[in-house]
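Asker: Here it is, the structure, as structure tokens.
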Amino acid sequence: MADTPETAGKDANHGAGPLGRVVLASNNAGKLREFAALLAAAGIELVPQGALNVPEAEEPHATFVENALAKARHASKLTGLPALADDSGLCVRALRGAPGVYSARYAQLAGGEKSDAANNALLVQNLKDQADRRAYYYCVLALVRHADDPEPLIAEGRWHGEVIDAPRGDHGFGYDPYFYVAGLEATAAELDPALKNASSHRAIALRQLLARLEEQA
């Protein structure tokens, strides 16, 4: 039987790793796969908030760090567990940083549907006459040990690339099929998941976060 927010925290100290179980403040299956793979090596047991019946938090803020922290505190408050949240997005130079913090709702905010396909179509359309296609994925991670943690751990990562006009690759999610990384000669969606997990903005941020956890151990 699935845990509930009321019972989840009772076994918080029985999971693997120094933090025990950690709730991931996301229901995004792609993010869960990436984080689970990255955290497994550190001995941290990750539990998606959906498994604990935690509703998604609002993302009302204009910055990645504020949204990540709000989501982490929300999940921790409802479960009694340490919580990890990320807020991430694609920042395109020619679009003055857009879609940015609104990456997941890019098309929806323009009157379209909320989907990866709609977001990507709008992105390509908005870059139609732009020669500069430089962009980067940006990720902010926020880890709280409890809901009122006064010293949350914050980490960030950037993954540089460029936006292409036609999708390539079957892996990944979001803008991955259109995000080309010259150094790897592939889009994020063409990369083997293990290689992406070693290179991505989330991987960079998570390595930074784990290093800070080790410093405090």
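First residue of the sequence shown: 1, per UniProt numbering; consecutive thereafter. Heads up, the beta-carbon is just placed ideally off N, CA and C, and yes, glycines get one too.
#1: What beta strand (DSSP E) runs, 3 residues minimum, are completely inside the segment 50 to 87?
#2: Can you give me the Cβ contacts of ARG212 inside the same chain, cut-off strictly under 8 angstroms, excluding the 5 residues immediately before and after it?
#3: Quick one: using the 10 Å Cβ neighbour count with 16 as the cut-off for buried, is SER76 buried or exposed?
#4: Only counting runs of 4 or more residues, tell me where the alpha helix (DSSP H) segments fall wholly within the segment 127 to 181, in order along the chain.
#5: Under a three-way DSSP split, which group does LEU90 fall into?
#6: What distance in whole Å lies between the Cβ atoms of GLY161 and PHE179, which are believed to be in contact at a cut-off of 8 angstroms?
#7: I need the straight-line Cα distance from ALA8 to GLN49, nearest angstrom please.
#8: On a Cα-Cα basis, can you pick out the residue from ASP148, ILE164, GLY112 and ARG21 that is closest to ALA131?
#9: What is the DSSP secondary structure of ALA198, reduced to helix, strand or coil?
#10: Is it true that the CB of GLY183 sits closer than 8 angstroms to the CB of PRO177?
#11: Smallest Cα separation from CYS139: which of ARG96, ALA117 and LEU84?
#12: Any Cβ of chain D within less than 8 angstroms of the Cβ of THR187?
#13: Let me confirm a value: THR63 is counted as buried when at least 16 other C-beta atoms fall within 10 Å, else exposed. Which label applies?
#14: Less than 8 angstroms between the CB atoms is what I'm expecting for GLU56 and ARG21, so what's the real figure, rounded?
#15: From ASP149 to LEU95, what distance separates their C-alpha atoms?
#16: If HIS171 sits next to SER88, beta carbons under 8 angstroms apart, how far is it from one beta carbon to the other, in whole angstroms?
#17: Between VAL47 and ASP129, what straight-line distance do the alpha-carbon atoms span, to the nearest angstrom?
Answerer: Result, derived from the coordinates:
#1: Along the segment 50 to 87, the beta strand (DSSP E) does not occur as any fully enclosed run of 3 or more residues.
#2: By one-based count along the sequence shown, residue 212 stands at place 212. Contacts found: LEU153 and ALA155.
#3: Start at 1 with the first residue of the sequence shown, and residue 76 comes out as number 76. Label assigned to SER76: buried.
#4: none
#5: Counting from one through the sequence shown, the residue named residue 90 turns up at place 90. Strand.
#6: Numbered from 1 along the sequence shown, position 179 holds the residue referred to as residue 179. Numbered from 1 along the sequence shown, position 161 holds the residue referred to as residue 161. Rounded, the Cβ-Cβ distance is 5 angstroms, consistent with contact.
#7: In the sequence shown, counting from the first residue as 1, residue 8 sits at position 8. In the sequence shown, counting from the first residue as 1, residue 49 sits at position 49. Bear in mind that a pLDDT of 49 at ALA8, under 50, signals an unreliable position, so the model cannot answer this.
#8: Residue mapping note: residue 131 aligns to position 131 of the sequence shown, counting from 1. Among ASP148, ILE164, GLY112 and ARG21, the Cα nearest to that of ALA131 belongs to ILE164.
#9: By one-based count along the sequence shown, residue 198 stands at place 198. If DSSP states are grouped into helix, strand and coil, ALA198 belongs with the helices.
#10: Start at 1 with the first residue of the sequence shown, and residue 177 comes out as number 177. Start at 1 with the first residue of the sequence shown, and residue 183 comes out as number 183. Going by C-beta atoms, PRO177 is not nearer than 8 angstroms to GLY183.
#11: Looking up residue 139 in the sequence shown gives position 139. Ranking ARG96, ALA117 and LEU84 by Cα distance to CYS139 puts LEU84 first.
#12: The question asks about chain D, but that chain is absent: this structure has only one protein chain.
#13: The residue given as residue 63 occupies position 63 in the sequence shown. With fewer than 16 other Cβ atoms within 10 Å, it is exposed.
#14: By 1-based counting over the sequence shown, the position of residue 56 is 56. By 1-based counting over the sequence shown, the position of residue 21 is 21. Rounded to the nearest angstrom, the Cβ distance from GLU56 to ARG21 is 19 angstroms, too far for a contact under 8 angstroms.
#15: Reading the sequence shown from its first residue, position 149 is the one you call residue 149. Reading the sequence shown from its first residue, position 95 is the one you call residue 95. Taking the straight line joining both Cα atoms gives about 36 angstroms.
#16: Numbered from its first residue, the sequence shown carries residue 171 at position 171. Numbered from its first residue, the sequence shown carries residue 88 at position 88. No, HIS171 and SER88 are not in contact; Cβ-Cβ is about 17 angstroms, not under 8 angstroms.
#17: Residue numbering aside, residue 47 sits at position 47 when the sequence shown is read from its first letter. Residue numbering aside, residue 129 sits at position 129 when the sequence shown is read from its first letter. Between VAL47 and ASP129, the C-alpha separation is close to 44 angstroms.
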